[in-house]
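Q: Questions regarding the structure given below will be posed in turn.
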Amino acid sequence: MEYPVGIGEFRVAVAPGILVTRGLGSCVGVILYDADVRLGGLAHVMLPNSRDFTSFSNPYKFADLAIPALISEMRARGARMLRARLVGGARMFANGVTRAGFDIGDRNIIQARVILTAFAVPVVAEDVGGSVGRTVLLDVSLGKVTVRTAGHGEKAL
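Residues in the sequence shown are numbered consecutively from 401, following the numbering used here.
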């Protein structure tokens, strides 16, 4: 069964599910997997830090809130040997540069790496940056991650 993950959402699934998120531009898909328990998780984060905002309606659109929540949910379900993959973080618009000099895609990638390191979750593969949109699928049965890139086909990650 295929389980879609929208912007500002995360989802955890057991085998034989497939987690999928479409339309990753500057957003980053954070894919977590534990092969021992065949448990997978996917977060579709839009922005790096909630602290940059005084109020917000959806905490899971922020990397600093979504990634720890995803890790916590997976550990509560028995995951102990999490491995991460990152997909997305593209520079989609010429005017996407922030005041700090980094575009949102770059900031999302950096923040995801920092948080995963803080939680001792190694990043084992990435397909990040560039200027193209991506779709990512995680087959929880196999731990297989597939990235579809607009105009560039499909590849395993």
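Glycine residues also receive a C-beta, built at the ideal position from the N, C-alpha and C atoms.
(1) Using 8 Å as the threshold, is the C-beta distance between A479 and V532 below it?
(2) Which residue wins for smallest C-alpha separation from V430, given the options V414, Y460, R451, H552?
(3) Since I believe M474 is in contact with V412 (beta carbons under 8 Å), could you give me their beta-carbon distance rounded to a whole number of angstroms?
(4) Leaving out the 5 sequence neighbours to the left and right, which residues in its chain are closer than 6 Å to S541 when beta-carbon positions are compared?
(5) Indicate whether G489 and N458 have their beta-carbon atoms separated by less than 8 Å.
(6) Would you grab the beta carbon distance between L557 and A525 for me? Rounded to a whole angstrom, and I think it's under 8 Å.
(7) Opposite G404 in the DSSP bridges: which residues?
A: According to the structure data:
(1) In this structure, A479 lies away from V532, with their beta-carbon atoms at least 8 Å apart.
(2) That would be Y460, whose Cα lies nearest to the Cα of V430.
(3) Taking 8 Å as the upper bound for CB-CB distance, V412 and M474 are in contact here, some 6 Å apart.
(4) Excluding sequence positions up to five before and after S541, its CB lies within less than 6 Å of the CB of A415, P416, all in the same chain and listed in chain order.
(5) In terms of Cβ geometry, G489 and N458 do not form a close pair [threshold 8 Å].
(6) Indeed, because the Cβ distance is near 5 Å, the residues count as touching under 8 Å.
(7) With the sequence shown as reference, residue 404 is identified as Pro, and Gly is not the correct amino acid for it. According to DSSP, residue pairing for P404 in a beta bridge involves V420.
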